[in-house]
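Novice:
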Amino acid sequence: MASKLHIHKPYVLKALSQPLDRPDGPGRHTVGEALGQKQGSKRRKRSELAVAIDGDAIHLYDIVSSQAVTSYLVSPQSFFTCAPYSLRWRQSSKNAATRYTYASIRDSLSKGGGIKLFRDAQDDSGASTATAASHVHRCDQPIIFLAATSPKGATQSLETGLPNHDVVAVAADGTVLALHGETLESKWQSGPTLFTQELSTSAGAKGFQVDFVQSALAADIVDGLFGGINELFGVFQEKVHREGFNPDILVAITSVQEGDVRRRHLHILALPEDKPSRQSNRQNIISVFVAPIPTQIQPTKFQLDVKSGTLQELSAGVLFTYSFKSGIPRLDNQLPVSGMTSFLRLSKTSVMAATEASLSVYNPVFQSLQTSTPMVIDGTKAPETNAHCDLIVYLPSREVAVGLLGSSLVAIQIEAPATRSNKRRADGLLVDAIRRGMSREGTREKGSHQGHAESAILVHQHPALFSEESQKEWHDKRAKADELLQNNDLQAFEELLAGVFKVQVDNQPSEPNGEEAASPTALPKWTWLGPEAEYPKVDRRWVVHAIQKVFAWDDANGAEASSHLNCRMPDSNVLGYLVAAGHLSVSNMKSAFKEQAQQLDEIDRIIGEELPPVLVKADPMMELLLGYLSGTQLGATELTSAIKLLMRSLGMLDVSSRQKGASDEEVDNDAIAMELDRAEEELQFAEYYLDTESGSREGALSIAFNKLALCPAAVTIQSLRQLFRPEEIICLIHVLRMELIKDGWTTRYLDQQSDGEDESEAAPDGSIQLIAELMCRCVDSVGLGGWMAFDTMAKGGDQQDSVDFFSQFQAEVSVALEGILEAVRLQGTLSETVNYAERCIAGAKGSKLSKGSRYKTQMLPFGLKSDTRISLDRVRSGGEIVQRSRRQIGHFHSKKKKAYSVNRITEESLMGRSVARVVKEEGL
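So this is what it looks like as structure tokens:
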């Protein structure tokens with residue numbers, strides 16, 4: 001499957017100056033993000049980066065324009081302990097803007113640490129004012145995190161126009177500082193016990209440190225990490241809401257050494273609000289939640305996406321991805337990438353990984369490689385030998401990722417697929433990961449059962465399942481094949497590919513006259529399978545490699561008449577195998593010439609038009625074309641191009657346009673020789689066609705017609721208009737008309753009587769549907785302009801031929817339509833008869849007379865008769881429906897019974913001489 005994403009080669013965004021050395025080692029570049037906020041709006045990420053260079057300055061660069069925004073110089077003895085933080089604040093009613101840039105700086109001489117503020121204020125007129133402030137802290141460990149809180153006091157902020165925010169700094173030992181955002185005055189400080197008091201560590205635990213800190217809003221924490229459960233934030237008297245009360249939260253990951261194992265925990269800390277009444281206790285900062293992290297390997301880099309609830313860590317070349325359920329992190333998947341030094345989350349199903357040699361995009365869910373590009377900048381490899389790319393930020397709106405490579409900022413453009421929606425998760429489906437699986441270190445050993453026989457299919461590994469051994473074998477064999485082909489050792493080259501394609505080879509090649517070949521360039525004889533046999537499945541990489549060697553791609557220099565495809569090895573057995581096995585599909589050709597295909601818009605149409613003529617040029621007998629049509633999955637363009645070639649070879653097209661009139665000028669000897677060679681070649685072809693009776697070409701034409709009828713009508717009509725001239729399409733209609741006559745669809749309805757001994761076998765019912773479908777598409781492709789153009793081309797005595805053609809065509813189509821209408825009418829008559837018979841049979845089965853005997857009912861006793869059933873419910877006067885009692889039902893039964901009498905029947909009464917005498921009469 002072709003990759004949908006495409007990574008362009010990285011380019012240098014900005015070359016940075018070299019940092020000065022630190023007391024503990026070489027200098028570094030520290031990069032942080034820049035944020036922006038408008039008064040009354042949410043804080044958003046800007047397309048800027050804040051780059052801190054040890055001993056130099058803090059530079060702000062715009063990613064889109066690759067220009068420097070501003071710079072803040074520092075002393076040569078200064079170095080930075082964490083990434084700087086930059087915030088651009090703009091008032092809602094004015095154009096004035098203020099930029100706050102905070103940095104944690106240490107001095108190599110005094111060994112003291114502090115936090116410095118660089119403030120740039122720009123008024124409505126455009127004039128800017130720069131001020132600075134600093135704060136010296138007494139933390140033993142360096143500051144590892146800096147961030148600004150949300151604006152405090154909305155009313156005060158609206159009056160003054162200032163953000164009124166605080167600065168929060170976290171040291172490596174767990175100390176948390178809060179400073180005023182404008183003056184850097186200390187507001188409160190919390191010790192490391194805030195983290196350690198919540199940990200259930202043993203007495204021998206030591207080496208506590210904070211590894212990762214990130215700020216977020218409480219509403220994002222509730223939705224992303226806790227699934228919308230708001231009860232955990234009971235430390236606040238108000239309920240957390242995205243549009244209402246939404247305080248700042250710190251998410252930290254700490255680690256502590258316990259023996260040989262280093263355990264880590266996730267902490268969620270709530271920062272104090274501006275109003276003390278909003279908190280249930282008076283602590284400065286509150287620990288809300290603590291949870292252990294399962295993996296116990298020391299990580300090198302963390303990345304947390306709060307909104308989606310995803311935590312990722314990189315450790316020893318393995319990327320671990322966690323999801324949160326009620327705040328508890330759970331390991332979802334592991335992505336092992338050898339040599340991975342940095343990563344960047346693009347979406348839930350896409351991660352960019354950087355190694356020393358390449359940049360790649362992986363799917364961590366299905367562990368598949370989406371796309372990759374080498375780490376080459378301006379035609380050369382990485383500028384430093386030991387430098388690795390540290391990915392920093394990804395801008396989804398620009399589809400650009402930015403990284404730090406040595407002393408340069410590099411940008412990586414990610415090209416989205418043309419058919420993709422506005423959400424990247426559409427590319428993370430399972431179907432996008434097929435045939436892109438990553439290599440695994442070992443194969444899983446399956447237990448053998450004695451009662452089961454080995455499968456002949458599963459005993460061999462599928463070619464798409466690549467391991468490290470298969471990768472190495474593939475590279476070695478490919479290098480050997482290229483070397484053999486470069487040395488013009490075609491015999492060894494074909495023997496190597498025959499083993500790869502699992503085709504048997506005759507080791508004694510022979511010349512056409514039957515003598516043994518003495519030349520080392522004589523090609524071996526491959527054993528081909530039958531037309532119904534299926535070739536073994538092979539590695540697709542070898543198929544693409546073989547196509548690249550057999551065919552060549554020319555840019556054609558923009559000439560419309562020139563062909564892009566050429567066959568470099570027309571007599572090779574490799575070409576015959578590619579045709580017989582059905583590997584010459586458009587997708588395989590595009591994969592073989594991927595770089596050239598990206599430069600053309602209609603690459604599918606170009607390959608479909610040019611591949612059949614290339615095969616005919618390589619094999620004028622058209623046996624390759626027959627195998628290509630029968631064994632390959634083809635589209636409308638390839639089929640239309642093949643049909644045009646076959647019709648031209650069979651003389652079914654009007655070739656008068658190709659015949660040139662004799663020129664009055666004399667021709668030179670070279671032209672005469674070329675004409676003689678052409679005539680001799682045509683004579684050989686004619687002899688061959690007479691010997692074979694054109695059977696292969698007619699069979700190929702039938703196959704092409706059958707496949708073309710299965711293609712969509714719109715695509716077929718477009719292909720006919722592109723490849724056929726109007727007069728050629730009319731010739732195609734004439735061929736289809738002859739097919740109607742040959743199959744008997746027009747003659748059978750005209751003949752009043754038929755000779756039984758001379759009548760041929762009836763054509764299949766599907767053939768007329770196929771021919772009619774193709775004929776309709778041909779008529780649609782010609783259109784009204786085509787008929788008029790064909791009519792105007794008939795000149796002089798040819799006008800009568802044009803009239804005859806259209807009259808015959810109309811008559812034959814009318815006769816075929818009449819036959820179809822008669823068949824439809826006959827089908828309707830038979831259907832009515834059959835339906836009537838079925839209804840009669842069904843009615844007879846359901847009637848009482850169908851079984852031949854009537855149902856007999858027993859006679860009731862004298863004096864009794866069947867009455868209506870007494871209802872079990874009754875309606876009261878108020879309209880209420882109630883149930884009758886048993887007593888009421890019995891009462892109604894007694895009222896229905898009438899008086900009965902007992903008569904004595906005598907012999908005289910039976911003879912009619914007297915009537916019966918009443919013995920007893922009473923009522924019930």
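Each residue of the sequence shown is one higher than the last, beginning at 1 in the UniProt record's numbering. C-beta atoms are modelled at their ideal positions from N, C-alpha and C, and glycine is treated no differently. These numbers were taken from a predicted model, which means no experiment stands behind them.
Can you look up Ile328 in the DSSP assignment and give me helix, strand or coil?
Specialist: Taking the first residue of the sequence shown as 1, we reach residue 328 at position 328. If DSSP states are grouped into helix, strand and coil, Ile328 belongs with the strands.
Novice: Which of the three DSSP states, helix, strand or coil, is assigned to Cys731?
Specialist: As a working note, residue 731 is residue 731 in the sequence shown. DSSP places Cys731 in helix when its eight states are reduced to three.
Novice: Output needed for Val503: all residues of its chain with C-beta closer than 7 Å, excluding positions within five of it in sequence on either side, in chain order.
Specialist: Taking the first residue of the sequence shown as position 1, residue 503 is located at position 503. Excluding positions up to five away in sequence, the list reads Trp526, Thr527, Tyr577.
Novice: Measure the alpha-carbon distance for Ile717 versus Ser814 and round it to whole angstroms.
Specialist: Translated into the one-based positions of the sequence shown, residue 717 becomes position 717. Translated into the one-based positions of the sequence shown, residue 814 becomes position 814. Cα to Cα, Ile717 sits roughly 23 Å from Ser814.
Novice: What are the start and end residues of the beta strand (DSSP E) that includes Asp390?
Specialist: Locating residue 390 in the sequence shown gives position 390, counting from the first residue. Element bounds for Asp390: 389-395.
Novice: Tell me whether the beta-carbon of Ile58 lies closer than 7 Å to the beta-carbon of Ser78.
Specialist: Within the sequence shown, the letter at position 58 stands for residue 58. Within the sequence shown, the letter at position 78 stands for residue 78. Result no, Cβ atoms of Ile58 and Ser78 do not sit closer than 7 Å.
Novice: State yes or no: is the C-beta of Gly403 within less than 7 Å of the C-beta of Ile414?
Specialist: Looking up residue 403 in the sequence shown gives position 403. Looking up residue 414 in the sequence shown gives position 414. No, the pair does not count as a contact, with Cβ atoms beyond the cut-off.
Novice: Would you kindly work out how many angstroms separate the C-alpha atoms of Gly207 and Val170, rounded to a whole number?
Specialist: The count along the sequence shown starts at 1 and reaches residue 207 at position 207. The count along the sequence shown starts at 1 and reaches residue 170 at position 170. Taking the straight line from one Cα to the other gives about 17 Å.
Novice: Return the bridge partner residues of Tyr100 from the DSSP annotation.
Specialist: Position 100 of the sequence shown, counted from the first residue, corresponds to residue 100. Bridge partners of Tyr100: Leu87, Arg119.
Novice: Assuming contact is defined by CB atoms lying nearer than 7 Å, are Asp124 and Asn164 in contact in what I supplied?
Specialist: For this step, residue 124 is matched to residue 124 along the sequence shown. For this step, residue 164 is matched to residue 164 along the sequence shown. Contact flag unset, no.
Novice: Residues in the same chain with beta-carbon distance under 8 Å from Leu650, minus the five sequence neighbours each way, listed in chain order, please.
Specialist: As a first step, residue 650 is located in the sequence shown; it is residue number 650 there, counting from the start. Within the same chain, Leu650 has close Cβ partners Ser694, Arg697, Glu698, Leu701.
Novice: Looking at Val361 and Gln367, is the spacing between their C-beta atoms short of 7 Å?
Specialist: Working through the sequence shown from its first residue, we reach residue 367 at position 367. Working through the sequence shown from its first residue, we reach residue 361 at position 361. Cβ atoms of Gln367 and Val361: not closer than 7 Å.
Novice: Just the C-alpha distance for Ser585 and Asp780, rounded to the nearest angstrom, thanks.
Specialist: Within the sequence shown, the letter at position 585 stands for residue 585. Within the sequence shown, the letter at position 780 stands for residue 780. Taking the straight line joining both Cα atoms gives about 28 Å.
Novice: Sort Asn566, Val500, Glu812, Arg119 by Cα distance to Val543 and report the nearest one.
Specialist: By one-based count along the sequence shown, residue 543 stands at place 543. The shortest C-alpha separation from Val543 is found at Val500.
Novice: With a threshold of 16 other CB atoms inside 10 Å of the CB of Asp476, please say whether the residue is buried or exposed.
Specialist: Here residue 476 is taken as the residue at index 476 of the sequence shown, counted from 1. It counts as exposed.
Novice: Got a sec? Which residues, its chain only, sit under 6 Å from Arg99 by beta carbon, not counting five neighbours each side?
Specialist: Start at 1 with the first residue of the sequence shown, and residue 99 comes out as number 99. Excluding sequence neighbours, Arg99 sits near Arg88, Asp120.
Novice: Between Leu629 and the ligand SAM, is there a pair consisting of the residue's CB and a ligand heavy atom that are separated by less than 6 Å?
Specialist: Absence of the ligand SAM from the depicted structure is noted, as is the absence of any ligand whatsoever, leaving it without description.
Novice: Give me whichever residues DSSP pairs with Tyr72 in a beta bridge.
Specialist: Sequence index remark: in the sequence shown, residue 72 carries index 72 (1-based). Tyr72 pairs with Ile58.
Novice: In three-state terms, what does DSSP make of Met622?
Specialist: Counting from 1 along the sequence shown, the entry for residue 622 is found at position 622. Coil.
Novice: Please state if the CB of Phe551 and the CB of Leu565 are separated by a distance shorter than 7 Å.
Specialist: The residue you call residue 565 lines up with position 565 of the sequence shown. The residue you call residue 551 lines up with position 551 of the sequence shown. Yes.
Novice: Are the beta-carbon atoms of Ile253 and Arg264 separated by less than 7 Å?
Specialist: Against the sequence shown, residue 253 aligns to sequence position 253. Against the sequence shown, residue 264 aligns to sequence position 264. Cβ atoms of Ile253 and Arg264: closer than 7 Å.
Novice: Can you give me the C-alpha to C-alpha distance between residue 925 and Leu146, rounded to a whole angstrom?
Specialist: In the structure as shown, the chain starts at 1 and stops at 924, and residue 925 therefore has no counterpart that could be examined.
Novice: Between Gly32 and Val574, what straight-line distance do the alpha-carbon atoms span, to the nearest angstrom?
Specialist: Working through the sequence shown from its first residue, we reach residue 32 at position 32. Working through the sequence shown from its first residue, we reach residue 574 at position 574. Spanning the two alpha carbons is a distance of roughly 56 Å.
Novice: Taking buried to mean at least 16 other C-beta atoms within 10 Å of its own C-beta, is Asp56 buried or exposed?
Specialist: Here residue 56 is taken as the residue at index 56 of the sequence shown, counted from 1. By the 10 Å Cβ count, Asp56 comes out buried.
Novice: Along the alpha helix (DSSP H) that carries Trp542, what are the first and last residues, could you check?
Specialist: Taking the sequence shown and counting its residues from 1, the one referred to as residue 542 is at position 542. Per DSSP, Trp542 belongs to the alpha helix (DSSP H) from 540-550.
Novice: Looking at the structure shown, is Ser563 part of a helix, part of a strand, or coil, going by DSSP?
Specialist: Position 563 of the sequence shown holds residue 563. The answer is coil: DSSP assigns Ser563 none of H, G, I, E or B.
Novice: If we call anything under 7 Å between Cβ atoms a contact, is Leu653 one with Glu728?
Specialist: Here residue 653 is taken as the residue at index 653 of the sequence shown, counted from 1. Here residue 728 is taken as the residue at index 728 of the sequence shown, counted from 1. In contact: Leu653 and Glu728 (Cβ atoms closer than 7 Å).
Novice: Going by DSSP, what residue range makes up the beta strand (DSSP E) through Asp248?
Specialist: To locate residue 248, count along the sequence shown from 1; it is residue 248. From DSSP, the beta strand (DSSP E) with Asp248 extends over 248-258.
Novice: What does the alpha-carbon distance come out to for the pair Ser563 and Val400?
Specialist: As a first step, residue 563 must be located in the sequence shown, where it is residue number 563. As a first step, residue 400 must be located in the sequence shown, where it is residue number 400. Looking at the two C-alpha atoms, the distance is approximately 37 Å.
Novice: Would you say Leu645 and Pro612 are within 7 Å of each other, going by their C-beta atoms?
Specialist: The residue given as residue 645 occupies position 645 in the sequence shown. The residue given as residue 612 occupies position 612 in the sequence shown. Taking 7 Å as the Cβ cut-off, Leu645 and Pro612 qualify as a contacting pair.
Novice: Ser287: which of Val616, Thr81, His267 sits nearest, CA to CA?
Specialist: Mapped onto the sequence shown, residue 287 falls at position 287. Considering only alpha carbons, the answer is His267.
Novice: Taking the C-alpha atoms as reference points, what is the distance between Cys139 and Ser372?
Specialist: Here residue 139 refers to the residue found at position 139 of the sequence shown. Here residue 372 refers to the residue found at position 372 of the sequence shown. Between Cys139 and Ser372, the C-alpha separation is close to 44 Å.
Novice: Using 10 angstroms around the beta-carbon of His241, count the other beta-carbons present and answer buried if the total reaches 16, otherwise exposed.
Specialist: Here the question's residue 241 lines up with position 241 in the sequence shown. Classification for His241: exposed.
Novice: Please work out which residues of its chain come closer than 6 Å, Cβ to Cβ, to Gln596, disregarding the five sequence neighbours upstream and downstream, and give them in chain order.
Specialist: In the sequence shown, residue 596 corresponds to position 596, counting from 1. Result list for Gln596: Trp553, in chain order.
Novice: For Asn363, does the count of other Cβ atoms within 10 angstroms reach 16, so buried, or fall short, so exposed?
Specialist: Counting from one through the sequence shown, the residue named residue 363 turns up at place 363. So Asn363 ends up on the buried side.
Novice: Rounded to a whole number of angstroms, what is the C-alpha to C-alpha distance between Leu117 and Asn588?
Specialist: For this step, residue 117 is matched to residue 117 along the sequence shown. For this step, residue 588 is matched to residue 588 along the sequence shown. For Leu117 and Asn588, the distance between alpha carbons rounds to 59 Å.
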